[in-house]
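Student: Numbering-wise (our numbering), the sequence shown opens with residue 3 and increments by one. So that we are looking at the same thing, I have put the structure below in C-alpha cells.
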Amino acid sequence: MSSWKRDAGSGLIVLAPLLVTAYIVAWLFLKIANLPFLGDISETTFFGVIPGDLVRVGIVLVVFSMLVLSVGYLMRTTVGGIVENTIDGIMNRLPGLRIVYNASKMAAETALSDTNQLQKPVKIETWNGLRMTAFKTGKSTDDGRELLFLPTAPNITTGFVVEVEPDQFTETDESVEDALTRILSAGFGENSDAGIPINVTDEGEDRTETPPPT
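Encoded structure:
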C-alpha cells in the first residue's frame, strides 16, 4: 500500500468517529432545543450571556437525569421489581411492538451494564480445532452443564445460549474487556495482549537479496 493511502486511512480512522459523534450530538441538541413544550422559554439570552437554546437543552437534561436516577433507585426496591415485571408483561402482549421493546431492552442492558458484572470469557472448541469466544452466565442445567452465551461479532446483542459440559470449554486468563474488544471489532481491535511478534515487510520498501551462506 502506498504511503498516501496509508496516511489517508489512518486519518479517517481517527476523524470519522469524531465527526459521527459530533453530528449525533448536534442533531440531538437541535431536537431537544426545538421541543414544543419549551417554546415559552425566551428565544434570546438569559442574563445577556446564556443562549435560550442552551437553557432549554439544560432543562431537559436535568429533568431527564433526575427521572433516570429516580427510576433507577425505584428498581432497587421490591416495588420497582413489580413495576418492571408489570411493564414487561404489558409490552409482551402487544403484537409487533413487543419485538421492538425486547430488542431495545436487550441492547440497553448490554451497552449500559458494567463489564465487571460479566462472567469470565472462555473458549469453546466447536469442530476441527476451531475455537470461539463465549462468556459464562453463572447458570447451569439440572444435569450439570454450564450455560454459556456465545455472542456474534460485531453485534454482541445477538448470539446463542449453549449448554456445555464443564470439560468441553477452556477458561482463559484474558479479561472481559479484551474479549469484548475482539468481538466488537470483529477481530481487528487491539487488546492488552501483545501477541506473537512477526516480521512484516512493506511492499513499497526496497528489498535487497541476501546471498545464501556458503
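C-beta: ideal position from N, C-alpha, C; glycine also.
1) Starting from PRO153, follow its DSSP beta bridges and name the residues at the other end.
2) Between the Cα of GLU165 and the Cα atoms of GLY83, PHE190, ARG133, THR143, which residue gives the shortest distance?
3) Using only the alpha-carbon positions, how far apart do ASP90 and VAL102 sit?
4) I'd like the list of long-range same chain contacts for ALA18, defined as Cβ closer than 7 Å, with 5 residues on each side in sequence excluded.
5) DSSP puts ILE101 in a beta bridge; with which residues?
6) Identify, in the order they occur along the chain, each residue of the same chain with its Cβ nearer than 8 Å to the Cβ of THR160, setting aside the five sequence neighbours on each side.
7) Do you know offhand how far LEU96's Cα is from SER177's?
8) Assign ALA136 to one of three DSSP states: helix, strand, or coil.
9) Starting from PRO123, trace the beta strand (DSSP E) both ways and give me its first and last residue.
Tutor: Checking against the coordinates, here is how it stands:
1) Residue pairing by DSSP places PRO153 opposite GLY161 in a beta bridge.
2) GLU165 has its Cα closest to that of THR143, out of GLY83, PHE190, ARG133, THR143.
3) Across the structure, ASP90 and VAL102 are spaced so that their CA atoms are roughly 12 Å apart.
4) So no residue of the chain qualifies.
5) Beta-bridge partners of ILE101 (DSSP): none assigned.
6) Same-chain partners within the cutoff: PRO153, THR154.
7) C-alpha separation (whole angstroms): 40 Å.
8) DSSP places ALA136 in strand when its eight states are reduced to three.
9) Looking at the DSSP string, the run of the beta strand (DSSP E) that includes PRO123 is 123-127.
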